[in-house]
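To keep things clear, I will list the structure first and then write my remarks on it.
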Amino acid sequence: MTAPLVIAVDGPAAAGKGTLARRLAAHLGLPYLDTGLLYRATGRRVLDAGADPADPVAAERAARALTPGDFTRGDLRNRAADAAASKVAAIPAVRAALLDFQRGFGAAHGAVLDGRDIGTVVFPEAQVKLFVTASAEERARRRHAELLAKGAAPALEEVAAEMAARDARDAARDVAPLVPARDAVLLDTTGLDADTAFAAAVRIVESTRRK
Ligand code: DC
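Residue numbers (the working numbering): 77 to 287.
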């Protein structure tokens, strides 16, 4: 029996990986999991409890208490949730608590998963690995536009600084840091619109699967 198709889409914040991964999943008829939501929901729970997202005990407790309702909250994508997610994500016990769910999700019927460590830790055997990136300036511009569309309008410089801090925390942590898997194909979306990036990703998936 052939293993179900798992596609890992990793990369830094606002590189376009969520949009890309969701479209790839629809195109291929695969389930899609935004693994960042697991960390965002964990961070949110810690904030609700009045605790510090960097506190390992509070953060692990929150990760182990997640229920489906935590993922449909409307406050998972604001700046407080961005920072809290990146802090809880640096805690090994939190990552361990969330690992089985991610593996189970992909193992059942195959899946497209996006995150930071899908191709390195969660599914090191994934048949296709994409590392989606874009320049720091472009990513900050995209995140700024996203926040503006939601009504919050911090200065672009402030968004860029917060993103740089989050990138640094995600890349410098000891467990599952943000690095491309050795066998990942790099896709730089700087200057590409969503359709062009999607077409490039489909070509990568098709050529990788043929190998
Ligand atoms: O993809 P995102 O921006 O929604 O992710 C939110 C935070 O969660 C991000 O700062 C890093 C963390 N994360 C992670 O460490 N590993 C993943 N697989 C997904 C997200």
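For each residue, glycine too, the CB sits at the ideal point set by N, CA and C.
All of these numbers come straight from a predicted model, not from anything done at the bench.
Exercise. Can you tell me whether P144 is buried or exposed, with buried defined as 16 or more other CB within 10 angstroms of its CB?
Worked result: exposed
Problem set entry | L81 Cβ short of 8 Å to ligand 1 heavy atom set | no
Exercise. Do R192 and T111 come within 9 Å of each other at the CB atom, strictly closer than that value?
Worked result: yes
For this session: Could you tell me which uninterrupted alpha helix (DSSP H) segments, each at least 4 residues in length, are contained entirely in the region 123–206, listed from first to last along the chain?
Result: 132–140, 155–164, 168–185
Problem set entry | Distance, L113 Cα to G119 Cα | 10 Å
Exercise. Would you say V188 and Y115 are within 9 Å of each other, going by their C-beta atoms?
Worked result: With contacts defined by Cβ atoms closer than 9 Å, V188 and Y115 do not form a contacting pair.
For this session: Give me the Cβ distance between G94 and D158, rounded to the nearest whole Å; I'm assuming they're in contact under 8 Å.
Result: Actually they do not touch by this definition, with Cβ atoms about 13 Å apart.
Problem set entry | Opening and closing residue of the alpha helix (DSSP H) in which V235 lies | Where V235 is concerned, the enclosing alpha helix (DSSP H) stretches over 232–248.
For this session: Can you say whether P88 is buried or exposed, counting buried as having 16 or more other CB atoms within 10 angstroms of its CB?
Result: buried
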